[in-house]
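Asks:
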Amino acid sequence: MVSCIPCVNIKHATLVKNCYPPVKDGSTIPRSSELSYLTFYASSKPAKLTKVGSFIQKKVEKDIRKGRKSHNLVSLQIIKALIQTCHRDLNIFSKDVVKILSLLVDTRDLEIIDRSCETFIIFCSYHDGTTLGVDTSFTTDYESLLNKFSGFCNYTNEDLAFALKMSYIGHRAVQAAVTSGALQSSNFKMQLSILFPPLIITIASKPTGTELDTSNGSVDIRDSALNNNKVNPQVIESIAAHTIAILFNRVTGPSVRLSLVPLFNYLNEKEKWWPPQLVVKIMKLVLDSLQPQYRHLLVSYILQYLDTANKEEDITNDKHAALVSTLDSILNANVPLVGISVLEVLNSLFSLLIKTTQYHPFNMSTVFNNNSQEETNIVEEKSNNVNLIQHELVHSIGGLATQNYYDNQLNDMIGYLTSKLRTSTSLDKVDGMLIHDYRSIVLCCLNSVVQGSQSAISPNSSEAEIRIAGTKIPLDAWNPALGLLYDKNSRTRMNFAKCLNNFLQNIPSKVSIDPTDKYPKHSLTEHQDNTFVNRLIHTMLDWILISDFNVTDLKFFYAYLCLLNRKFGVDATVVIVPLVFKIQQCIQENKITLQTRQYAIESALISWFSMVAGFYNIQPLQDYINTIKLKRDTHLDDFLLTESIDNSIKEPELFSISVDDTATKTNTTWIDRSTIVELMSKEGNLRDEIDTHGLDLEAKLFAEWGSDAFLRNDQTVRSRILLESTENKPKLASPWEHAEMERSPLTIDDKRNSIRVATLKEALVAQTVTYDDVDTDSTQSNSVSAHSKLPPMRSNEMNALLTELNLPQQVAPNTVSLVNPPYKST
């Protein structure tokens, strides 16, 4: 009886033992038929998996003590077969699996560790982590196993080949754990603190680069490290980068910030913030890996980190320089950040930029320097941290404009920055800086936004794409800042003119001169465009009349005249011509001082008419301008004006033209307006279809600046805009009004003889006074008394009205309705 008891209780042990070949054979492969029987037995009776796992664990412990390496390898094969066959019941014996793997990893035998890693990869592919956190001992064992594999990722040994293979095994296991469903099932923070740091160390130990290769190429983590010729440092770095990509692709909302903690802790402890290439390339990898709806959280977290640290730390240190570089790379990565709060980020970046000026003056030459070698030197020298921070904050602001998240985004961004220009302020200082220095910072940001909005246009972009991209920033967004064109500070004028010129240069032309077109195309059909052109032209007159108008001002002034003409065609031309002759009148009346300035401005006006003649192909006008140039003895050597402006200008240029005073004073040759108007009005391409003889065009060109005719010219454009847009505007309509109109449409005579409400009410009041026994409606009486004065009425009109009404002599009180007025016929 005693001999029968063991036979009943050791069936699972017998099945397991039968899978092992004899030790003396040295075979590492289990007996296939016995292994099939064991897996069938385990799958048929899942409850026996606990005993099977426990028996194998004890067998492994015994084999490790006795040094039976071959049986340990067989045990791994058996465990792998059981996992694949009974994966639905994995939680029953997962605790034993983890203990077995942990025991075998401690053997420090490369082959056993490699096979253990292979089994762990299979285990992670089926493990869902539902028992983690529930079973405390299992959770501890699992985290201990993760620690052991993570320790292999940065294994060091005198034998470099052995160390490389151990590192490869560690990264294979870490990637398997990251892809497992158990990653976020329990204590995600603990697992993250175990798995993420070795990946960071691996990437940090390699030479710094701008990009990380996230593809494993032909390497699969299931490939063994034994006899593998593909294992090299580049492959290991690629696996580490790919593991980080998988990790951040799986995290969600709140976990994003939590996932960055190990990275920042490592950078703080190891002081790896400088140079910033390491954190930048890791954060770019994180950005590309995150799900699109969570990418904007990176910007928010970095800004919060900067804002919190600013209160306690110097914002010019290595950490802040690296974080700002990270922001710059994220915002300019051409990756949409869905859900980002554009204005909040813009405000944070601008506020941080202003704070940096407390430690170092703003250097515009650094911001606009496009030399890559100098930028590299800035990055490599720690003494230039502030320059780097300021440069990349401005560039980050421009990066916000590279993606369009809602319709009025660029309008809002331009509006925010133009409000910071404080065009109408009388203050000398803002935020501790002189007003012109403060405006220089704002104008750099404004120029960065303009450039960012145009960066989406590539040389291969279609005409439609260029037009869409070019019209993102509405023209009227610049209206509040146009006053800076005649600011008293010449550098402010130059910087703003440069910024506005960059914008105007890149907007698509709204007209095209085609020889086959008989009539001009009107471009100012939108109210915002017309308002901008009108304000700019009026501002240009104030600009040219300032006392320190210099050569740089004149270059931009001439460029604007040409740009307006080329972008908006005849609609701009008919408004510019009165301005040109108003300027000539100011020169004649000496309202524009300094003879060299008068000479240069008059030359610019002549050059503009020459450009107009070429633009509209009016040869008689070109001949006349050439005659004027000969009479004035104007040569190209005197003054060179071009439509394009060199953006490398750093300082305003003063007038230095050598002019013969005597010859200039005696020269009384001016541009004749009558001749100009006659030549332009005769040109058929400038006349509208209804303007057969050009009289309307002639009237517009002859309009004096500021006169009623000039204002009517502007109102004509506005009225055309209103007429075209009124039909598309929504209207509120009363259903009763439409019903009355449909029922009885009135002619002009009917409307003239119709009964007015005020007259009707007066008649009713008069009748209620006559019949004292009739109750009156209090609401009606109150409404009558509300009229302060009624229009006079003749007696014959009143008699005709009362006769037509035919009101009853008495109205019963019970016939008064709260819906219908008492005077309405029933």
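The sequence shown begins at 1 in full-length UniProt numbering and counts up by one.
Ideal placement from N, C-alpha and C gives every residue a C-beta, glycine not left out.
Are Ile340 and Tyr294 close, meaning C-beta to C-beta below 8 angstroms?
Replies: Here residue 340 corresponds to residue number 340 of the sequence shown, with the count starting at 1. Here residue 294 corresponds to residue number 294 of the sequence shown, with the count starting at 1. Contact flag unset, no.
Asks: Report the option in Glu34, Asn479, Tyr168 whose CA atom is closest to the CA atom of Glu237.
Replies: Numbered from 1 along the sequence shown, position 237 holds the residue referred to as residue 237. Comparing Cα positions, the closest option is Tyr168.
Asks: Check Val338 in the structure and name its three-state DSSP category.
Replies: Start at 1 with the first residue of the sequence shown, and residue 338 comes out as number 338. Three-state result, Val338: coil.
Asks: On the three-pair Cβ rule with 8 angstroms, is the segment 559 to 570 touching the segment 495 to 508?
Replies: With a cut-off of 8 angstroms, the segment 495 to 508 and the segment 559 to 570 count as touching, because enough Cβ pairs lie within range.
Asks: Buried or exposed for Ile29, please, with buried defined as at least 16 other CB atoms from any protein chain shown within 10 angstroms of its CB.
Replies: Against the sequence shown, residue 29 aligns to sequence position 29. It counts as exposed.
Asks: Under the three-state reduction of DSSP, which class applies to Leu132: helix, strand or coil?
Replies: Position 132 of the sequence shown, counted from the start, is the residue given in the question as residue 132. In this structure, Leu132 counts as coil in the three-state DSSP scheme.
Asks: State buried or exposed for Asp328, treating a residue as buried only when at least 16 other CB atoms are found within 10 Å of its CB.
Replies: The count along the sequence shown starts at 1 and reaches residue 328 at position 328. Per the 10 Å Cβ criterion, buried.
Asks: What are the boundary residues of the alpha helix (DSSP H) that Pro578 is part of?
Replies: For this step, residue 578 is matched to residue 578 along the sequence shown. Taken as a continuous stretch (DSSP letters only), the alpha helix (DSSP H) holding Pro578 covers 570 to 588.
Asks: Any idea which residues DSSP pairs Leu434 with across the strands?
Replies: Reading the sequence shown from its first residue, position 434 is the one you call residue 434. Answer by DSSP bridge pairing, in chain order: Lys429.
Asks: With Asn52 and His87 assumed to form a contact (beta carbons below 8 angstroms), what rounded beta-carbon distance in angstroms separates them?
Replies: Translated into positions along the sequence shown, residue 52 becomes position 52. Translated into positions along the sequence shown, residue 87 becomes position 87. In the sequence as presented, Asn is not what sits at residue 52; that position holds Val. In fact, because the Cβ distance is near 15 angstroms, the residues do not count as touching under 8 angstroms.
Asks: In whole angstroms, give me the CA-to-CA distance for Lys17 and Tyr301.
Replies: Counting from 1 along the sequence shown, the entry for residue 17 is found at position 17. Counting from 1 along the sequence shown, the entry for residue 301 is found at position 301. Going by the C-alpha atoms only, they are around 57 angstroms apart.
Asks: Using the rule of at least 16 other Cβ atoms within 10 Å of the residue's Cβ for burial, across every protein chain shown, is Val261 buried or exposed?
Replies: Within the sequence shown, numbered from 1, the residue matching residue 261 stands at position 261. Exposed, since its Cβ has fewer than 16 Cβ neighbours within 10 Å.
Asks: Can you give me the C-alpha to C-alpha distance between Thr14 and Tyr41, rounded to a whole angstrom?
Replies: Mapped onto the sequence shown, residue 14 falls at position 14. Mapped onto the sequence shown, residue 41 falls at position 41. Spanning the two alpha carbons is a distance of roughly 12 angstroms.
Asks: Out of Glu344, Val338, Thr357, which has the shortest C-alpha to C-alpha gap to Thr316?
Replies: The residue labelled residue 316 in the question sits at position 316 within the sequence shown. Looking at the Cα atoms, Thr357 is the closest of the given residues.
Asks: Taking only three categories from DSSP, how would you classify Gly67?
Replies: On the sequence shown, position 67 is the one that residue 67 refers to. Note: Gly67 maps to coil in three-state DSSP.
Asks: May I ask which residues mark the beginning and end of the alpha helix (DSSP H) holding Arg673?
Replies: As a first step, residue 673 must be located in the sequence shown, where it is residue number 673. Element bounds for Arg673: 673 to 682.
Asks: With a threshold of 16 other CB atoms inside 10 Å of the CB of Cys19, please say whether the residue is buried or exposed.
Replies: Taking the first residue of the sequence shown as position 1, residue 19 is located at position 19. It counts as buried.
Asks: Would you mind sorting Thr136 into buried or exposed? The rule is 16 or more other CB atoms within 10 Å of its CB.
Replies: Here residue 136 refers to the residue found at position 136 of the sequence shown. Exposed: under 16 other Cβ atoms inside 10 Å.
Asks: For Ile435 and Ser426, I'd like the C-alpha separation in whole angstroms.
Replies: Taking the sequence shown and counting its residues from 1, the one referred to as residue 435 is at position 435. Taking the sequence shown and counting its residues from 1, the one referred to as residue 426 is at position 426. Going by the C-alpha atoms only, they are around 9 angstroms apart.
Asks: Below 8 angstroms on the Cβ atoms is my contact criterion, and I expect Ile244 with Leu192 to pass it. Report the Cβ-Cβ distance as a whole number of Å.
Replies: For this step, residue 244 is matched to residue 244 along the sequence shown. For this step, residue 192 is matched to residue 192 along the sequence shown. Going by Cβ atoms, the distance from Ile244 to Leu192 rounds to 11 angstroms, so no, they are not a contact pair.
Asks: Just confirm the distance between the C-beta atoms of Leu212 and Ile203, as a whole number of angstroms; I'd bet it's less than 8 angstroms.
Replies: Working through the sequence shown from its first residue, we reach residue 212 at position 212. Working through the sequence shown from its first residue, we reach residue 203 at position 203. Rounded, the Cβ-Cβ distance is 7 angstroms, consistent with contact.
Asks: Is the number of C-beta pairs between the segment 76 to 93 and the segment 112 to 122 that are closer than 8 angstroms three or more?
Replies: Because the criterion of three Cβ pairs below 8 angstroms is met, the segment 76 to 93 and the segment 112 to 122 touch.
Asks: Measure from the alpha carbon of Lys62 to the alpha carbon of each residue in Glu34, Leu103, Leu49, Ile201, then state which is nearest.
Replies: The count along the sequence shown starts at 1 and reaches residue 62 at position 62. Nearest C-alpha to Lys62: Leu103.
Asks: Indicate the three-state DSSP secondary structure (helix, strand or coil) for Glu271 in the structure shown.
Replies: For this step, residue 271 is matched to residue 271 along the sequence shown. Coil at Glu271, not helix or strand.
Asks: How big is the Cα-Cα spacing for Gln409 and Gln403?
Replies: Indexing the sequence shown from 1 puts residue 409 at position 409. Indexing the sequence shown from 1 puts residue 403 at position 403. Answer to the nearest angstrom: the Cα atoms are 9 angstroms apart.
Asks: Identify whether Lys591 lies in helix, strand or coil by the three-state DSSP scheme.
Replies: For the purposes of this step, residue 591 is taken as residue 591 along the sequence shown, with counting starting at 1. In the structure shown, Lys591 sits in coil (DSSP, three-state: anything other than H, G, I, E or B).
Asks: Provide the residue span of the alpha helix (DSSP H) that contains Cys117, from first to last.
Replies: Walking along the sequence shown from the start, residue 117 turns up at place 117. It spans 110 to 126 - the alpha helix (DSSP H) in which Cys117 sits, taken as one unbroken run.
Asks: Out of Ala322, Lys355, Ile441, state which residue places its alpha-carbon closest to the alpha-carbon of Asn363.
Replies: The residue given as residue 363 occupies position 363 in the sequence shown. Nearest of Ala322, Lys355, Ile441 to Asn363, Cα basis: Ile441.
Asks: Please name the residue in Thr107, Asp109, Leu183, Val174 whose C-alpha comes closest to that of Thr139.
Replies: Along the sequence shown, read from residue 1 onward, the residue named residue 139 stands at position 139. Of Thr107, Asp109, Leu183, Val174, the residue nearest in Cα terms is Leu183.
Asks: List the endpoints of the continuous alpha helix (DSSP H) containing Asp318.
Replies: In the sequence shown, counting from the first residue as 1, residue 318 sits at position 318. Start and end: 318 to 331.
Asks: Can you give me the C-alpha to C-alpha distance between Asn228 and Ala241, rounded to a whole angstrom?
Replies: Walking along the sequence shown from the start, residue 228 turns up at place 228. Walking along the sequence shown from the start, residue 241 turns up at place 241. Using only the alpha carbons, I get a separation of about 20 angstroms.
Asks: Check for me: the alpha helix (DSSP H) holding Lys95 runs from which residue to which?
Replies: For the purposes of this step, residue 95 is identified with residue 95 of the sequence shown, where counting begins at 1. Here the alpha helix (DSSP H) through Lys95 covers 90 to 105.
Asks: Among Thr539, Leu563, Phe93, which has the Cα closest to the Cα of Val612?
Replies: Sequence index remark: in the sequence shown, residue 612 carries index 612 (1-based). Residue Leu563 is the option with its Cα nearest to Val612.
Asks: Can you tell me where the alpha helix (DSSP H) holding His391 begins and where it ends?
Replies: Your numbering for residue 391 matches position 391 in the sequence shown. Counting along the chain, the alpha helix (DSSP H) containing His391 begins and ends at 385 to 400.
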